[in-house]
């Protein structure tokens, strides 16, 4: 739960190992993001970086009755269906599969814990992640 380990208790429980917000990707409407930013401007929020700011907003949206500000869903991709952080993962957390589509081999990386095929891989925290790249066949 970087950068504020003391906020671990404020995140909802998860059946998957990925329960904390990573500031590497936001998806949603521009209107929702603007509303969140106007409610809690990053420059005056007291947060040291964008991830801390995003976590602060997530915790506030999910642990308070402040629905007038956060009247939009603020959810985490805890199954890693879209977004997969690579920091703090291991080579046996993933496997690669190949299958044929229209006569062409397509390769996918599978998260072994969630059984999902993430679309975006985020090599955060100065993560080398060469072992993830090594899972895919060389062309």
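Numbering (this note's numbering), first residue to last: 11 to 149. No residue lacks a Cβ here, since even glycine has one placed at the ideal position from N, Cα and C. Predicted model only: the values in this text are computed from it and were never measured.
- Between the beta-carbon of residue 13 and that of residue 56 there is about 13 Å, and that puts the pair past the 8 Å contact cut.
- Per DSSP, residue 64 is not a residue of any beta strand (DSSP E); the alpha helix (DSSP H) it occupies stretches across 60-73.
- Excluding sequence positions up to five before and after residue 118, its CB lies within less than 6 Å of the CB of 107 and 127, all in the same chain and listed in chain order.
- In summary, residue 140 is exposed, with fewer than 16 beta-carbon neighbours lying within 10 Å of its beta-carbon over all protein chains present.
- By the criterion of a C-beta distance shorter than 8 Å, residue 52 is surrounded in its chain by 60 and 63, once the five residues flanking it on both sides are discounted.
- Counting along the chain, residue 14 sits inside no beta strand (DSSP E), nor does DSSP assign it H or E at all.
- With a threshold of 16 other beta carbon atoms within 10 Å, residue 31 meets it and is buried.
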